[in-house]
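In the numbering used here, the protein residues as written are 61 to 208.
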């Protein structure tokens, strides 16, 4: 009986831990998309989260060398982060980001993308063109205003 009670307590503890892990704020999408192959430099970096976050860091690198683009921590939590980017040359880039969610937990990730002006076929992570980007942004704002 004592063993059964210990087993039940352990299972309950692990169930709580896995539920807490699932509750972390997810990154819903990004522009550029993860693993995107772009034909030209993106104009912005955009991160959209499932819940408001406070960004701790957002670093852009090319061949492990940081590229300055004016990142600053947000003082108020928001689910939408956007920064204008400088013109980027062809190459393989990485955005490394870290944020604190409303639940107080730190979340982080890496978004790799590349710029290759010679690509003719779209990649799975293809960045939306300017008109598509504006449409997605307008749709997000509409959903936010409706509380969705």
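All C-beta atoms in this analysis are idealised placements derived from N, C-alpha and C, irrespective of residue type, glycine included. Here the structure is a predicted model, which means the values were calculated and not measured.
The beta carbon of residue 87 sits closer than 7 Å to those of 107, 109 and 169, all from its chain and outside the five residues before and after it, given in chain order.
With a threshold of 16 other beta carbon atoms within 10 Å, residue 104 falls short and is exposed. If you draw a straight line from the Cα of residue 115 to the Cα of residue 137, it is about 8 Å long. Within the model, the alpha-carbon separation for residue 118 versus residue 147 is close to 17 Å. Residues of the same chain with a CB within less than 7 Å of the CB of residue 112, apart from the 5 flanking positions on each side, are 137, 138, 139 and 162 in chain order. With contacts defined by Cβ atoms closer than 8 Å, residue 90 and residue 171 form a contacting pair.
With fewer than 16 other beta carbons inside 10 angstroms of its own, residue 126 counts as exposed. Counted as a single uninterrupted DSSP element, the beta strand (DSSP E) harbouring residue 167 occupies residues 166–175. Buried is the label assigned to residue 97, since at least 16 other Cβ atoms lie within 10 Å of its Cβ. For residue 113, the enclosing beta strand (DSSP E) has its first and last residue at 104–122. With a threshold of 16 other beta carbon atoms within 10 Å, residue 135 falls short and is exposed. Pairing residue 159 with residue 132, the inter-Cα distance amounts to about 12 Å.
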